[in-house]
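Residue numbering for the sequence shown is 1 to 393, as defined by full-length UniProt numbering.
All C-beta atoms in this analysis are idealised placements derived from N, C-alpha and C, irrespective of residue type, glycine included.
Notes follow once the structure below has been shown.
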Amino acid sequence: MKKIYVNFFLKKTRLDVTVVEDINSKYFPVFQTYLETKNFEANKIKEFITNFKKYLKSKVATKKNDVVKYSFIVKDSLYKSLKFVNQTLTFDVPSNTVDQQVWKEVKNKLEEQKESSTYELINSNIYLYETINNDVVKSYSTFPWNKQALKLNINQGLFVITKDTWLAKIINIIKECNLKLDALLLESQALSANLEEKDKAKYLFHFDWNALVVNGSMNAKTFFYEKSNIDFKNFVNYLSKELNKSKEDTILLLEAVVANWKVYQVLNDETEGYKAYRLVISLFDQAIHKVKAFLDQNNQKVDELVLNCKNSEIFMDRFNKLYPEMNVAILDDNVSTLFNIPNSLLGIINLLNPEKINCEDMVNTLNNLPEYKPKSFWNKLFSWILPSQRAQK
């Protein structure tokens, strides 16, 4: 029996497909393909998925007992309409015991959330259960079967997106092709599933020049999400004017500066390379200040901030200089490099195999998350999408 993982990864202009086989917890890429998606063509996507399924059945998962798990990852930066909703649902407990009847009501309510004329539900995760018995509130990381309570609170995070986006349409096409997704996640969620759980609040810092994302998770479930879409074109325009260079030459200079940042770090001159370095550092510093200010307002200790970006070493250096008291680490990519598959796909595999995730009860790490409203020139560059205030239902 084969154990196969199929991952669809939606990027800006293409849909990548990777097929990985799990052989004794060692992962081997066996097939990769892609479809250009610059122009949305439903029939073309249907044909692509249909042909891929036929190939998979005839060449890879050829036996009836072969297990195939499908997943879908989307880059966080693709859609501005993407929203994270932090929500609390309250249920009465008629028998004063959290039983099958309460579970049935909870399940029905969660199913109702999938039906919306405006938004497409990407995914939802319950990260905290609370039983309320008069003035006594107890917290649990799993459903509190047979616990005494008058009311039950369910705290969950939901990712939603408007139905007119390509993502929502592609998801529906996949359903029409009778392909059942075992996981549908944002890239930052998939990456967060690689973080080791040691009864700590983990925050993933993900930066790719198009967006800055901070994803807070426990037991691989998102309880906090903050995204800043970055206007990279505006930054390049600003830098090209400062340096009196064309946009094309400015981008080439930026790439050279970032690749050789340690060299420019020890310089102190008026060359255009050094000026570009100082502006890049200013951009990174502002991003760091924004993240730190918001986390400070949470009124809780951030046990660890894990960096995932091509520029991780620069960010690590700046974090250490600006906030040396913070515990900052770089996401380990040793396994990813060893098996030649991205960390995001490794995260998906972890999630689809619960035994791979060391879940601890971390209910005491959570606090309410206040809104943070950044100001100044850099706010024009970073357009923050703030999580909604807690919705009580």
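query, result
"Rounded C-alpha distance that separates E255 from E248", "11 Å"
"Inter-residue Cα distance where the pair is L345 and I288", "27 Å"
"Cβ neighbour criterion (16 or more within 10 Å) applied to K290", "buried"
"Identity of the residue in D22, T13, D16, V17 nearest I4 by Cα", "D22"
"Contacts around C177, its chain only, beta-carbon distance under 8 Å, and the 5 residues preceding and following it disregarded", "K46, I49, T50, K53"
"Simplified DSSP assignment, three categories, for A193", "coil"
"Contact set for W261: own chain, Cβ-Cβ below 6 Å, skip 5 residues either direction", "I314"
"Beta strand (DSSP E) segment containing E21, residue limits", "14 to 23"
"C-alpha gap between V214 and S228, whole angstroms", "9 Å"
"Residue range of the beta strand (DSSP E) that includes N237", "It is not in any beta strand (DSSP E) - N237 instead sits in the alpha helix (DSSP H) that spans 232 to 243."
"Sequence-distant residues of its chain with Cβ nearer than 6 Å to L10 (five each side left out)", "V74"
"Rounded C-alpha distance that separates Y203 from D99", "34 Å"
"Burial state of F382 (16 or more Cβ within 10 Å)", "With a pLDDT of only 40 at F382, under the threshold of 50, the placement of this residue in the model should not be trusted; the figure read from the coordinates follows. Buried."
"Rounded distance between the beta-carbons of I174 and K181, thought under 8 Å", "Looking at the sequence shown, residue 181 is not Lys but Leu. Between I174 and L181 the Cβ distance is about 7 Å, and since that is below 8 Å, they are a contact."
"Pair within 7 Å by beta-carbon distance, I161 and L167", "yes"
"Euclidean distance between Cα positions of F31 and L184", "20 Å"
"Within 7 Å, strictly: CB atoms of T222 and N125", "yes"
"Bridge-paired residues (DSSP) for E176", "For E176, which the question treats as bridged, DSSP gives no partner whatsoever."
"DSSP three-state assignment for K163, whether helix, strand or coil", "coil"
"Top-ranked residue by Cα proximity to I281, from F319, A329, D303, E304", "F319"
"Test item: CB-CB of G157 and N86 under 7 Å", "yes"
"Integer Cβ distance of T97 from N146, believed to fall under 8 Å", "6 Å"
"Between the CA atoms of A61 and Y70 - distance to the nearest angstrom", "13 Å"
"Closest Cα partner of T37 within the set T13, E304, P144", "T13"
"Collapsed DSSP secondary structure at N86 in the structure displayed", "strand"
"Nearest-angstrom Cα separation, counted from K107 out to V258", "49 Å"
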